[in-house]
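Shown next, in structure tokens, is the structure this report addresses.
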Amino acid sequence: MNNKESVITNENDLSLIQDELINRGGGAYLKKEKPQDKSEYTKRKLTRNLAICLIFVYKHYRHTENALITDYFPKRIFTQYLKDFPNIIKHFNRLKYWDLIQQMPTSPTEVKYKKGWYGITENGIAFIQQEIGMPKYAFIYNDFAHEHQTNPYVMITDLIKKDELEELLKV
Numbered sequence: 000m001n002n003k004e005s006v007i008t009n010e011n012d013l014s015l016i017q018d019e020l021i022n023r024g025g026g027a028y029l030k031k032e033k034p035q036d037k038s039e040y041t042k043r044k045l046t047r048n049l050a051i052c053l054i055f056v057y058k059h060y061r062h063t064e065n066a067l068i069t070d071y072f073p074k075r076i077f078t079q080y081l082k083d084f085p086n087i088i089k090h091f092n093r094l095k096y097w098d099l100i101q102q103m104p105t106s107p108t109e110v111k112y113k114k115g116w117y118g119i120t121e122n123g124i125a126f127i128q129q130e131i132g133m134p135k136y137a138f139i140y141n142d143f144a145h146e147h148q149t150n151p152y153v154m155i156t157d158l159i160k161k162d163e164l165e166e167l168l169k170v
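Residue numbers (our numbering): 0 to 170.
In structure tokens form, the structure reads like this:
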């Protein structure tokens, strides 16, 4: 271990260190307060275009040698085959509202992300593999999904026909 690392075995010490980091972060580690007025939310829909983007993220991880689920890549790598379809990739980053992709963190002590770099999540994989459904709507405030409308929920095959999905997943 280097001189900035240590092992914490006492639960009280861990709580004190966590509190110190939260306080030092100036509120960056605290979940943003929900607006009192529901009209301040922006309602976003999980769309066919977002599902198509997710398929290309999934394909990249599946077919790129040595790509691990913990790796992050620039958006342009995921969407390189869709560059002639700007309407499809226009809202790519909205996939994060459903935890289908995640932004690349850049600091262990602050909430900062590397602009334009993303990774796939377990939920993203499970959604593509038709193992889970997702809420159709997310309610966004300050670029954070505070709530989801769980009825209706959608499976990927509700957004993309099964035969088309199989075709898109081919190499």
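Glycine included, C-beta positions come from ideal geometry on N, C-alpha and C.
Residue interval of the alpha helix (DSSP H) (run including residue i)
i: Pro85; result: Pro85 to Ile88
i: Glu166; result: Lys161 to Leu168
i: Lys74; result: Lys74 to Phe77
i: Arg93; result: Run containing Arg93: none; DSSP gives neither H nor E here.
i: Val58; result: The sequence given here has Lys at residue 58, not Val. Looking at the DSSP string, the run of the alpha helix (DSSP H) that includes Lys58 is Arg47 to His62.
Neighbourhood of residue i by C-beta, 6 Å cutoff - its chain only, sequence neighbours within 5 removed
i: Trp116; result: Tyr71, Pro73 and Met103
i: Pro134; result: His147, Gln148, Thr149 and Tyr152
i: Met0; result: Bear in mind that a pLDDT of 49 at Met0, under 50, signals an unreliable position, so the number given afterwards is only what the model happens to contain. Hits under 6 Å: none found.
i: Lys111; result: Thr105
i: Thr78; result: Ile88
i: Glu121; result: none
Where residue i sits in the DSSP three-state scheme
i: Glu146; result: strand
i: Ala137; result: strand
i: Gly123; result: helix
i: Gln101; result: strand
Endpoints, beta strand (DSSP E) assigned at residue i
i: Thr105; result: Where Thr105 is concerned, there is no enclosing beta strand (DSSP E), given that its DSSP letter is neither H nor E.
i: Lys44; result: Thr41 to Lys44
Close beta carbons around residue i, own chain, < 7 Å, minus the five adjacent residues each side
i: Lys42; result: Tyr136 and Phe138
i: Ile119; result: Val56, Tyr57, Tyr60, Ile68 and Ile100
i: Ala125; result: Ile131
i: Val170; result: His62
i: Lys44; result: Lys135 and Tyr136
i: Ile16; result: Ile7
Cross-strand partners of residue i (DSSP beta bridge)
i: Lys113; result: Met103
i: Tyr152; result: Pro134
Own chain residues within Cβ distance below 8 Å of residue i, not counting five before or after
i: Leu81; result: Ile51, Cys52, Phe55, Ile87 and Ile88
i: Thr156; result: Gln129 and Leu164
i: Ile127; result: Leu53, Ile54, Tyr57, Ile155 and Leu168
i: Gly123; result: Leu53, Val56, Tyr57, Leu94, Asp98, Leu99 and Ile100
i: Leu13; result: Ile7
Cutoff 8 Å: residue i Cβ touching any chain B Cβ
i: Val153; result: The structure shown contains no chain B; it is built from a single protein chain.
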